[in-house]
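S.K.: After the structure tokens below, expect a handful of questions from me.
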Amino acid sequence: MLLKHNKDLFMVIAIVMTMFVSCGKNLNEVNKLDVSANEPIGVAEVINLKYTDSGRLKANLISPKMLDYSNREFAFSEFPEGVHLYLYDKDNNKSTVISDYAIVYDQTGLIDMQGHVVLATSTNDTLFADQLYYDQNKQWLSTNQPVKFRTKGDLINGNGFDSDVNFKEAEVLEINGIITLDE
Numbered sequence: 000m001l002l003k004h005n006k007d008l009f010m011v012i013a014i015v016m017t018m019f020v021s022c023g024k025n026l027n028e029v030n031k032l033d034v035s036a037n038e039p040i041g042v043a044e045v046i047n048l049k050y051t052d053s054g055r056l057k058a059n060l061i062s063p064k065m066l067d068y069s070n071r072e073f074a075f076s077e078f079p080e081g082v083h084l085y086l087y088d089k090d091n092n093k094s095t096v097i098s099d100y101a102i103v104y105d106q107t108g109l110i111d112m113q114g115h116v117v118l119a120t121s122t123n124d125t126l127f128a129d130q131l132y133y134d135q136n137k138q139w140l141s142t143n144q145p146v147k148f149r150t151k152g153d154l155i156n157g158n159g160f161d162s163d164v165n166f167k168e169a170e171v172l173e174i175n176g177i178i179t180l181d182e
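Quick note, the sequence shown lines up with residues 0 to 182 if you use numbering that gives the first Met the number 0.
Right, dumping it as structure tokens:
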């Protein structure tokens with residue numbers, strides 16, 4: 000009877016040990032998969048992306064480095080070394096946006112630019128912000144962060160900014176102050 004009990008105990012210990020060894024091996028594999036899922040699927044240098052619609056260039060994004068996270072459920076591309084974004088209106092007038100960092104979300108067409116964002120229009124109006132969103136589909140620029148917007152005659156400080164790509168509907172939100180500039 001004692002021998003049978005020892006055999007049963009040995010069998011239980013053997014099964015438990017096998018389970019721990021198997022789980023440990025699978026756990027390591029799962030951890031490796033998790034790490035690779037957080038890594039970009041690709042890295043590219045000297046990027047020049049062009050966005051066209053009906054054969055017309057609408058935007059051109061240039062960056063020294065792009066990290067491709069299209070392996071994620073909500074795919075995106077990250078530009079850790081900043082971007083130069085050129086926006087073209089229907090008359091081919093060019094506005095330029097420069098930022099220290101950017102993310103382009105594939106599914107929504109949204110570009111999130113961050114860090115020392117400077118936007119210069121074709122008419123020399125200039126926007127300064129810490130963050131600016133560009134909706135490629137709607138061709139709309141916006142932020143809810145503090146901004147400075149310099150026009151030909153004024154320097155406008157405020158919290159938030161909305162504009163179409165042509166700057167015909169440019170608006171500083173929650174204006175904190177306006178300084179009239181000498182011409």
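Even for Gly, the Cβ is constructed at its ideal location relative to N, Cα and C.
Since the structure is predicted, the reported quantities are computational estimates derived from the model, not experimental observations.
Could you check if Ile40 is buried or exposed, using at least 16 other CB atoms within 10 Å of its CB as the buried criterion?
M.R.: On the sequence shown, residue 40 is found 41 positions in, with the first residue counted as 1. Its Cβ having fewer than 16 others within 10 Å, Ile40 is exposed.
S.K.: Take the Cβ of Phe166 as the centre, count every other Cβ of all protein chains shown within 10 Å, and call the residue buried at 16 or more, exposed below.
M.R.: Residue numbering aside, residue 166 sits at position 167 when the sequence shown is read from its first letter. So Phe166 counts as buried.
S.K.: Suppose you measure from the CA of Val117 to the CA of Asn123; what does that come to, to the nearest Å?
M.R.: Along the sequence shown, one-based indexing puts residue 117 at 118. Along the sequence shown, one-based indexing puts residue 123 at 124. Cα to Cα, the separation comes out at about 12 angstroms.
S.K.: Could you give the DSSP three-state label for Asn156: helix, strand or coil?
M.R.: By 1-based counting over the sequence shown, the position of residue 156 is 157. Looking at Asn156 - three-state DSSP - the assignment turns out to be strand.
S.K.: Per DSSP, Gly41 is paired with what?
M.R.: Looking up residue 41 in the sequence shown gives position 42. Gly41 is bridged to Asp67.
S.K.: Exposed or buried, Thr142, counting other C-beta atoms within 10 Å across all chains shown (16 or more means buried)?
M.R.: As a position in the sequence shown, residue 142 is number 143, starting the count at 1. That one is buried.
S.K.: Could you give the C-beta distance for Met65 and Phe78, rounded to a whole number, given that I count them as a contact under 8 angstroms?
M.R.: On the sequence shown, residue 65 is found 66 positions in, with the first residue counted as 1. On the sequence shown, residue 78 is found 79 positions in, with the first residue counted as 1. Confirmed, Cβ separation roughly 6 angstroms.
S.K.: Sort His83, Asp52, Tyr104 and Gly152 by Cα distance to Thr95 and report the nearest one.
M.R.: As a first step, residue 95 must be located in the sequence shown, where it is residue number 96. Ranking His83, Asp52, Tyr104 and Gly152 by Cα distance to Thr95 puts His83 first.
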